[in-house]
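Student: Numbering (the UniProt record's numbering), first residue to last: 1 to 320. Glycine included, each C-beta is placed from N, C-alpha and C at the ideal position. First the structure, then my questions, so here it is.
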(Lines of atoms letter the chains of each structure in order from A and count residues from 1; the text may use other names and numbers.)
(Lines give C-alpha, C1' and ligand atoms only; values in the text may rest on other atoms or scores of the structure.)
Protein backbone atom coordinates (compact mmCIF):
# COMPACT_ATOMS: atom_id res chain seq x y z
CA UNK A 1 0.00 0.00 0.00
CA UNK A 2 2.80 2.43 0.93
CA UNK A 3 4.58 1.66 -2.35
CA UNK A 4 1.41 2.49 -4.30
CA UNK A 5 1.05 5.77 -2.39
CA UNK A 6 4.71 6.63 -3.03
CA UNK A 7 4.29 5.81 -6.71
CA UNK A 8 1.25 8.07 -7.02
CA UNK A 9 2.92 10.85 -5.05
CA UNK A 10 5.97 10.84 -7.33
CA UNK A 11 3.76 10.63 -10.40
CA UNK A 12 1.51 13.58 -9.58
CA UNK A 13 4.45 15.63 -8.35
CA UNK A 14 6.15 14.98 -11.70
CA UNK A 15 3.04 16.11 -13.59
CA UNK A 16 3.10 19.47 -11.84
CA UNK A 17 6.86 19.88 -11.99
CA UNK A 18 7.11 20.35 -15.76
CA UNK A 19 4.62 23.20 -15.79
CA UNK A 20 5.42 24.91 -12.49
CA UNK A 21 9.19 25.20 -12.97
CA UNK A 22 9.01 26.43 -16.56
CA UNK A 23 6.05 28.73 -15.90
CA UNK A 24 7.81 30.38 -12.96
CA UNK A 25 10.96 31.04 -14.98
CA UNK A 26 9.02 32.28 -18.00
CA UNK A 27 6.85 34.63 -15.94
CA UNK A 28 9.83 36.26 -14.20
CA UNK A 29 11.78 36.53 -17.46
CA UNK A 30 8.82 38.07 -19.26
CA UNK A 31 8.39 40.57 -16.44
CA UNK A 32 12.00 41.74 -16.86
CA UNK A 33 11.55 41.89 -20.63
CA UNK A 34 8.35 43.92 -20.26
CA UNK A 35 10.12 46.39 -17.98
CA UNK A 36 12.94 46.73 -20.52
CA UNK A 37 10.43 47.46 -23.29
CA UNK A 38 8.69 50.15 -21.21
CA UNK A 39 12.04 51.75 -20.35
CA UNK A 40 12.99 51.75 -24.04
CA UNK A 41 9.68 53.35 -25.09
CA UNK A 42 10.09 55.98 -22.38
CA UNK A 43 13.60 56.68 -23.64
CA UNK A 44 12.55 56.94 -27.31
CA UNK A 45 8.78 57.50 -27.77
CA UNK A 46 9.24 58.00 -31.53
CA UNK A 47 10.10 54.30 -31.89
CA UNK A 48 7.18 53.02 -29.84
CA UNK A 49 5.63 50.98 -32.67
CA UNK A 50 8.85 49.10 -33.50
CA UNK A 51 9.65 48.63 -29.82
CA UNK A 52 6.18 47.29 -29.05
CA UNK A 53 6.38 44.85 -31.96
CA UNK A 54 9.81 43.63 -30.89
CA UNK A 55 8.66 43.25 -27.29
CA UNK A 56 5.66 41.11 -28.28
CA UNK A 57 7.80 38.86 -30.49
CA UNK A 58 10.42 38.54 -27.76
CA UNK A 59 7.78 37.64 -25.17
CA UNK A 60 6.35 35.01 -27.50
CA UNK A 61 9.72 33.30 -27.92
CA UNK A 62 10.37 33.34 -24.16
CA UNK A 63 6.96 31.67 -23.78
CA UNK A 64 8.27 28.59 -25.64
CA UNK A 65 9.61 26.97 -22.47
CA UNK A 66 6.28 27.27 -20.67
CA UNK A 67 4.47 25.81 -23.67
CA UNK A 68 6.80 22.79 -23.76
CA UNK A 69 6.34 22.33 -20.01
CA UNK A 70 2.56 22.47 -20.37
CA UNK A 71 2.54 19.91 -23.18
CA UNK A 72 4.86 17.69 -21.15
CA UNK A 73 2.54 17.77 -18.15
CA UNK A 74 -0.50 16.94 -20.29
CA UNK A 75 1.25 13.92 -21.82
CA UNK A 76 2.32 12.61 -18.41
CA UNK A 77 -1.15 13.21 -16.97
CA UNK A 78 -2.63 10.56 -19.26
CA UNK A 79 -0.04 7.97 -18.29
CA UNK A 80 -0.60 5.76 -15.23
CA UNK A 81 2.56 4.16 -13.73
CA UNK A 82 2.28 0.48 -12.87
CA UNK A 83 5.07 0.47 -10.28
CA UNK A 84 7.33 2.83 -8.39
CA UNK A 85 10.13 2.35 -10.94
CA UNK A 86 7.96 3.78 -13.69
CA UNK A 87 7.07 6.68 -11.38
CA UNK A 88 10.79 7.41 -10.85
CA UNK A 89 11.33 7.30 -14.61
CA UNK A 90 8.37 9.68 -14.97
CA UNK A 91 10.12 12.07 -12.61
CA UNK A 92 13.11 11.93 -14.95
CA UNK A 93 10.77 12.75 -17.82
CA UNK A 94 9.71 15.94 -16.02
CA UNK A 95 13.30 16.92 -15.25
CA UNK A 96 14.26 16.57 -18.92
CA UNK A 97 11.69 19.26 -19.76
CA UNK A 98 11.71 21.52 -16.70
CA UNK A 99 15.44 22.03 -16.08
CA UNK A 100 16.39 23.07 -19.65
CA UNK A 101 13.14 25.04 -19.88
CA UNK A 102 13.91 26.95 -16.67
CA UNK A 103 17.38 27.93 -17.89
CA UNK A 104 16.39 28.74 -21.46
CA UNK A 105 13.53 31.02 -20.40
CA UNK A 106 16.00 33.14 -18.45
CA UNK A 107 18.61 33.05 -21.21
CA UNK A 108 16.26 33.94 -24.08
CA UNK A 109 15.03 37.08 -22.33
CA UNK A 110 18.56 38.46 -21.94
CA UNK A 111 19.27 39.39 -25.59
CA UNK A 112 15.73 40.73 -25.97
CA UNK A 113 16.20 43.16 -23.08
CA UNK A 114 19.48 44.42 -24.54
CA UNK A 115 18.05 44.63 -28.06
CA UNK A 116 15.15 46.84 -26.96
CA UNK A 117 17.57 49.27 -25.34
CA UNK A 118 19.71 49.30 -28.50
CA UNK A 119 16.64 49.91 -30.68
CA UNK A 120 15.83 52.99 -28.63
CA UNK A 121 19.35 54.28 -29.30
CA UNK A 122 19.64 53.37 -33.00
CA UNK A 123 16.36 54.26 -34.72
CA UNK A 124 17.70 53.88 -38.25
CA UNK A 125 18.63 50.22 -37.83
CA UNK A 126 15.92 49.22 -35.36
CA UNK A 127 14.55 46.52 -37.68
CA UNK A 128 18.02 45.02 -38.12
CA UNK A 129 18.46 44.94 -34.36
CA UNK A 130 15.09 43.21 -34.02
CA UNK A 131 16.21 40.61 -36.57
CA UNK A 132 19.37 40.01 -34.54
CA UNK A 133 17.25 39.62 -31.41
CA UNK A 134 14.91 37.10 -33.02
CA UNK A 135 17.82 35.13 -34.50
CA UNK A 136 19.67 34.86 -31.21
CA UNK A 137 16.53 34.05 -29.23
CA UNK A 138 15.58 31.29 -31.66
CA UNK A 139 19.00 29.64 -31.48
CA UNK A 140 18.93 29.78 -27.68
CA UNK A 141 15.90 27.45 -27.69
CA UNK A 142 18.05 24.50 -28.86
CA UNK A 143 18.70 22.95 -25.40
CA UNK A 144 15.00 23.16 -24.53
CA UNK A 145 14.15 21.39 -27.79
CA UNK A 146 16.70 18.67 -27.03
CA UNK A 147 15.25 18.23 -23.55
CA UNK A 148 11.75 17.86 -24.97
CA UNK A 149 12.93 15.25 -27.48
CA UNK A 150 14.64 13.26 -24.71
CA UNK A 151 11.42 13.48 -22.68
CA UNK A 152 9.34 12.12 -25.56
CA UNK A 153 11.69 9.14 -25.89
CA UNK A 154 11.45 8.56 -22.13
CA UNK A 155 7.66 8.62 -22.38
CA UNK A 156 7.83 5.95 -25.07
CA UNK A 157 9.90 3.70 -22.78
CA UNK A 158 8.03 4.18 -19.49
CA UNK A 159 5.85 1.08 -19.80
CA UNK A 160 8.92 -1.18 -20.06
CA UNK A 161 10.57 0.02 -16.82
CA UNK A 162 10.45 -2.73 -14.17
CA UNK A 163 13.72 -2.51 -12.22
CA UNK A 164 15.57 0.12 -10.19
CA UNK A 165 18.61 0.23 -12.55
CA UNK A 166 16.29 0.84 -15.50
CA UNK A 167 14.53 3.67 -13.67
CA UNK A 168 17.80 5.30 -12.64
CA UNK A 169 19.17 5.00 -16.18
CA UNK A 170 16.18 7.08 -17.32
CA UNK A 171 16.67 9.53 -14.45
CA UNK A 172 20.38 9.85 -15.27
CA UNK A 173 19.55 10.52 -18.91
CA UNK A 174 17.20 13.35 -17.91
CA UNK A 175 19.78 14.82 -15.54
CA UNK A 176 22.42 14.71 -18.29
CA UNK A 177 20.45 16.97 -20.61
CA UNK A 178 19.16 19.04 -17.66
CA UNK A 179 22.48 19.81 -15.96
CA UNK A 180 24.22 19.86 -19.33
CA UNK A 181 22.00 22.76 -20.45
CA UNK A 182 22.82 25.07 -17.55
CA UNK A 183 26.30 26.28 -18.55
CA UNK A 184 25.74 26.64 -22.30
CA UNK A 185 22.25 28.08 -21.76
CA UNK A 186 23.27 30.83 -19.36
CA UNK A 187 26.49 31.37 -21.31
CA UNK A 188 24.77 31.95 -24.63
CA UNK A 189 22.23 34.22 -22.94
CA UNK A 190 25.00 36.41 -21.53
CA UNK A 191 26.91 36.46 -24.81
CA UNK A 192 23.92 37.41 -26.96
CA UNK A 193 22.99 40.11 -24.45
CA UNK A 194 26.43 41.66 -24.93
CA UNK A 195 26.12 41.34 -28.72
CA UNK A 196 22.71 43.04 -28.84
CA UNK A 197 23.91 45.76 -26.49
CA UNK A 198 26.97 46.33 -28.67
CA UNK A 199 24.90 47.16 -31.75
CA UNK A 200 23.33 49.99 -29.79
CA UNK A 201 26.77 51.43 -29.09
CA UNK A 202 28.09 51.22 -32.65
CA UNK A 203 25.63 50.65 -35.50
CA UNK A 204 28.46 50.27 -38.02
CA UNK A 205 29.54 47.05 -36.29
CA UNK A 206 26.19 45.35 -36.99
CA UNK A 207 27.22 43.40 -40.10
CA UNK A 208 30.31 42.06 -38.35
CA UNK A 209 28.55 41.25 -35.10
CA UNK A 210 25.71 39.25 -36.65
CA UNK A 211 28.03 36.79 -38.41
CA UNK A 212 30.28 36.47 -35.37
CA UNK A 213 27.28 35.98 -33.11
CA UNK A 214 25.86 33.04 -35.07
CA UNK A 215 29.21 31.22 -35.18
CA UNK A 216 29.94 31.86 -31.50
CA UNK A 217 26.47 30.72 -30.44
CA UNK A 218 27.07 27.42 -32.21
CA UNK A 219 30.39 26.97 -30.40
CA UNK A 220 28.97 27.90 -27.00
CA UNK A 221 26.12 25.42 -27.40
CA UNK A 222 28.41 22.61 -28.62
CA UNK A 223 28.76 21.09 -25.09
CA UNK A 224 24.99 20.51 -25.12
CA UNK A 225 25.54 18.08 -28.00
CA UNK A 226 27.86 16.03 -25.78
CA UNK A 227 25.22 15.98 -23.04
CA UNK A 228 22.59 14.86 -25.56
CA UNK A 229 24.78 11.99 -26.77
CA UNK A 230 25.30 10.80 -23.19
CA UNK A 231 21.56 11.13 -22.54
CA UNK A 232 20.74 8.97 -25.57
CA UNK A 233 23.34 6.41 -24.50
CA UNK A 234 21.82 6.18 -21.04
CA UNK A 235 18.37 5.77 -22.58
CA UNK A 236 19.64 2.71 -24.39
CA UNK A 237 20.50 1.18 -20.99
CA UNK A 238 16.87 1.39 -19.87
CA UNK A 239 16.23 -1.85 -21.76
CA UNK A 240 19.05 -3.62 -19.91
CA UNK A 241 18.27 -6.70 -17.81
CA UNK A 242 20.73 -5.71 -15.05
CA UNK A 243 19.19 -6.35 -11.61
CA UNK A 244 21.99 -5.26 -9.25
CA UNK A 245 20.80 -2.04 -7.50
CA UNK A 246 24.41 -0.83 -7.19
CA UNK A 247 24.34 0.01 -10.89
CA UNK A 248 21.42 2.35 -10.24
CA UNK A 249 23.67 4.56 -8.09
CA UNK A 250 26.55 4.35 -10.57
CA UNK A 251 24.30 5.64 -13.36
CA UNK A 252 23.78 8.87 -11.42
CA UNK A 253 27.51 9.63 -11.53
CA UNK A 254 27.36 10.05 -15.29
CA UNK A 255 25.13 13.17 -15.52
CA UNK A 256 27.22 15.00 -12.93
CA UNK A 257 30.41 14.29 -14.88
CA UNK A 258 29.03 15.53 -18.19
CA UNK A 259 26.85 18.23 -16.60
CA UNK A 260 29.59 19.92 -14.59
CA UNK A 261 32.00 19.50 -17.49
CA UNK A 262 29.69 21.41 -19.82
CA UNK A 263 28.99 24.04 -17.13
CA UNK A 264 32.50 25.47 -17.18
CA UNK A 265 32.92 25.11 -20.92
CA UNK A 266 29.66 26.89 -21.71
CA UNK A 267 30.26 29.81 -19.35
CA UNK A 268 33.95 30.14 -20.24
CA UNK A 269 33.37 30.09 -23.98
CA UNK A 270 30.63 32.69 -23.59
CA UNK A 271 32.91 35.05 -21.68
CA UNK A 272 35.54 34.81 -24.41
CA UNK A 273 32.93 35.51 -27.10
CA UNK A 274 31.41 38.41 -25.14
CA UNK A 275 34.82 40.03 -24.70
CA UNK A 276 35.38 39.76 -28.45
CA UNK A 277 32.01 41.44 -29.11
CA UNK A 278 33.00 44.38 -26.96
CA UNK A 279 36.29 44.73 -28.83
CA UNK A 280 34.59 44.46 -32.24
CA UNK A 281 32.25 47.30 -31.25
CA UNK A 282 35.22 49.41 -30.14
CA UNK A 283 37.49 48.50 -33.08
CA UNK A 284 35.48 47.13 -36.03
CA UNK A 285 38.39 47.76 -38.39
CA UNK A 286 40.35 44.86 -36.84
CA UNK A 287 37.37 42.49 -36.81
CA UNK A 288 39.25 39.65 -38.50
CA UNK A 289 41.98 39.47 -35.88
CA UNK A 290 39.56 39.76 -32.97
CA UNK A 291 37.14 37.14 -34.26
CA UNK A 292 39.90 34.70 -35.20
CA UNK A 293 41.52 34.95 -31.76
CA UNK A 294 38.18 34.57 -29.99
CA UNK A 295 37.08 31.55 -32.04
CA UNK A 296 40.38 29.78 -31.36
CA UNK A 297 40.01 30.52 -27.64
CA UNK A 298 36.43 29.24 -27.62
CA UNK A 299 37.47 26.04 -29.37
CA UNK A 300 40.20 25.39 -26.82
CA UNK A 301 37.85 26.13 -23.92
CA UNK A 302 35.38 23.57 -25.26
CA UNK A 303 37.99 20.81 -24.93
CA UNK A 304 37.08 20.73 -21.23
CA UNK A 305 33.65 19.43 -22.22
CA UNK A 306 35.29 16.82 -24.45
CA UNK A 307 37.31 15.51 -21.49
CA UNK A 308 34.14 15.23 -19.41
CA UNK A 309 32.38 13.51 -22.31
CA UNK A 310 35.14 10.90 -22.60
CA UNK A 311 35.08 10.13 -18.87
CA UNK A 312 31.27 9.91 -18.81
CA UNK A 313 31.39 7.56 -21.78
CA UNK A 314 34.07 5.46 -20.09
CA UNK A 315 31.89 5.09 -16.98
CA UNK A 316 28.94 3.94 -19.09
CA UNK A 317 31.05 1.41 -20.98
CA UNK A 318 32.51 0.13 -17.71
CA UNK A 319 29.11 -0.75 -16.25
CA UNK A 320 27.55 -2.24 -19.39
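Under the assumption that residue 165 contacts residue 251 (Cβ atoms under 8 Å), give the Cβ distance between them as a whole number of angstroms.
Tutor: Yes, residue 165 and residue 251 are in contact; Cβ-Cβ is about 7 Å, under 8 Å.
Student: If you drop the 5 nearest sequence neighbours on each side, which residues of the same chain put their C-beta closer than 8 Å to that of residue 159?
Tutor: Around residue 159: 82, 86.
Student: Using a Cβ-Cβ cut-off of 6 Å (strictly less than) and excluding sequence neighbours within five positions of residue 385, which residues of its own chain qualify?
Tutor: A question about residue 385 goes unanswered here, because the residues of the chain that appear run from 1 up to 320.
Student: Roughly how many angstroms lie between the CA atoms of residue 133 and residue 23, to the nearest whole one?
Tutor: Residue 133 and residue 23: Cα-Cα distance of roughly 22 Å.
Student: Pop quiz: residue 150 and residue 105 are said to be a contact at Cβ under 8 Å. What is the actual Cβ separation, rounded to whole angstroms?
Tutor: So it is not a contact: roughly 18 Å between Cβ atoms.
Student: Taking the alpha helix (DSSP H) that residue 321 falls in, what are its first and last residues?
Tutor: This structure leaves residue 321 out entirely; the chain is present only between 1 and 320.
Student: Less than 8 Å between the CB atoms is what I'm expecting for residue 117 and residue 36, so what's the real figure, rounded?
Tutor: Between residue 36 and residue 117 the Cβ distance is about 7 Å, and since that is below 8 Å, they are a contact.
Student: Can you tell me where the alpha helix (DSSP H) holding residue 156 begins and where it ends?
Tutor: 142-157 is the span of the alpha helix (DSSP H), which, as asked, contains residue 156.
Student: Classify residue 245 as helix, strand or coil using the three-state DSSP reduction.
Tutor: Coil at residue 245, not helix or strand.
Student: If you draw a straight line from the alpha carbon of residue 219 to that of residue 298, how long is it in whole angstroms?
Tutor: Each residue's Cα considered, the two are about 7 Å apart.
Student: Under DSSP, the alpha helix (DSSP H) around residue 284 begins and ends at which residues?
Tutor: Where residue 284 is concerned, there is no enclosing alpha helix (DSSP H), given that its DSSP letter is neither H nor E.
Student: Which same chain residues end up closer than 6 Å to residue 227 when comparing Cβ atoms and leaving out the 5 residues on each side of it in sequence?
Tutor: If we look at residue 227 and ignore the five residues flanking it on each side, its Cβ neighbours are 176, 177, 180, 258, 262.
Student: Taking all protein chains shown into account, do 16 or more other C-beta atoms lie within 10 angstroms of the C-beta of residue 291, making it buried, or fewer, making it exposed?
Tutor: The residue in question, residue 291, is buried, as its Cβ has 16 or more Cβ neighbours within 10 Å.
Student: With a 10 Å radius around its C-beta and 16 neighbouring C-beta atoms as the bar for buried, classify residue 74 as buried or exposed.
Tutor: By the neighbour-count rule (16 or more Cβ atoms within 10 Å), residue 74 is not buried but exposed.
Student: In three-state DSSP terms, what is residue 302?
Tutor: In this structure, residue 302 counts as coil in the three-state DSSP scheme.
Student: Closer than 6 Å by C-beta to residue 167: which residues in its own chain qualify, once you throw out the five before and the five after it? Chain order, please.
Tutor: The answer, listed in chain order, is 85, 88, 89, 161.
Student: Tell me, please, whether the stretch 206-214 touches the stretch 277-296 by the rule of three or more beta-carbon pairs shorter than 8 Å.
Tutor: Touching, yes, given that three or more Cβ pairs across the two stretches are closer than 8 Å.
Student: Can you name the start and end residues of the alpha helix (DSSP H) that residue 100 belongs to?
Tutor: Counting along the chain, the alpha helix (DSSP H) containing residue 100 begins and ends at 84-121.
Student: Indicate the three-state DSSP secondary structure (helix, strand or coil) for residue 64 in the structure shown.
Tutor: Helix.
Student: If we count the other Cβ atoms within 10 Å of its Cβ and call it buried at 16 or more, is residue 317 buried or exposed?
Tutor: Residue 317 should be labelled exposed.
Student: Please return the same chain residues whose Cβ sits closer than 7 Å to the Cβ of residue 1, not counting the five positions on each side in sequence.
Tutor: Because residue 1 carries a pLDDT of 48, less than 50, the predicted location of this residue cannot be relied on, and the following value inherits that uncertainty. Closer than 7 Å at Cβ, skipping near neighbours: no residue.
Student: So what's residue 1 in DSSP terms, helix, strand or just coil?
Tutor: The pLDDT assigned to residue 1 is 48, lower than 50, so where the model puts this residue is not dependable, and the model offers no usable value.
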